[in-house]
Amino acid sequence: MKIDHKESSDEVKIYNIDNEIELVDTLGLFGFEKKEHDNGKIERYKDITKKYVSEAHLILYALNPSNPIKESHKDDLNWLFRTLNLLSRTIFVISRFDEEADIEDEEDYNKRFKIKKENIQNRLNELISLSEEEKESLIIVAVAANPFDLGVEHWLKYQEEFQKLSHIKALQDATQKKLKKMAGN
């Protein structure tokens, strides 16, 4: 599986996992680079993403580590979490967290993660007015899918170190927790 740091690409990628789960990596709703000033193309990308998201059982909402939720996201956040009511099926994933924290220093990671998590909770509350129950049930994790940009080949050789530095287990655990809750277990 390719590791790509771009926020958005020009295509949807679908991964079939054990003929049981379809993982759909969409184009995203934000962060499009203007290409030849083609706003129509950007709107088509957003429409494709919206189609997949509206049908999703679970959403991994990838967030930029430096400015996770912007004022310009408000309309799409309202559509996702108020119109479609998808907040209960969403895990917020702060990506590329190695750009924000020293992932080799657990204390620094935890301190910076706490600050980012509170920022995300506050911004969501400001933009879509969270209920107390929604505030309590938000799941937010921070990962570094490719620590230090060393590439997938490197991390396949050093999987134990990858597990420690990437904090990918937090995402795995959050996903399992969310799926169990959705299944009623």
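The sequence shown begins at 26 in the working numbering and counts up one residue at a time.
Here a beta-carbon is modelled for each residue, glycine too, at the ideal position from N, C-alpha and C.
From a predicted model like this one, the values you see are computed outputs, not experimental measurements.
Within the same chain, show all residues whose beta-carbon is closer than 7 Å to that of residue i, passing over the 5 residues directly before and after it, in chain order.
i    : result
K194 : Q188
S191 : V168, A169, A170 and P172
I153 : L102, N103, F106 and R107
Please go through the same chain and pick out, in chain order, the residues whose beta-carbon is closer than 6 Å to the beta-carbon of residue i, but skip the five residues on each side of it.
i    : result
E125 : P90 and R137
Given a cut-off of 8 Å on the beta-carbon distance, is the pair residue i and residue j in contact?
i    : j    : result
E159 : L112 : yes
A87  : V37  : no
A199 : I116 : yes
S165 : K142 : Checking the sequence, you will find Ile at residue 165 rather than Ser. Contact flag set, yes.
L83  : K182 : no
Could you check if residue i is buried or exposed, using at least 16 other CB atoms within 10 Å of its CB as the buried criterion?
i    : result
E58  : Note that E58 scores a pLDDT of 47, beneath 50, so its modelled location is shaky; the value from the coordinates is reported in the next line. E58 should be labelled exposed.
N44  : exposed
D127 : exposed
K206 : exposed
R107 : exposed
P78  : Residue identity differs from the one stated: residue 78 is Val in this sequence, not Pro. Buried.
L149 : buried
Three-state secondary structure (DSSP) at residue i?
i    : result
Y86  : strand
S33  : Note on S33: pLDDT 45, under 50, position unreliable in the model; the coordinate value appears next. S33 falls in the coil class under three-state DSSP.
D50  : strand
K95  : coil
N150 : helix
V118 : strand
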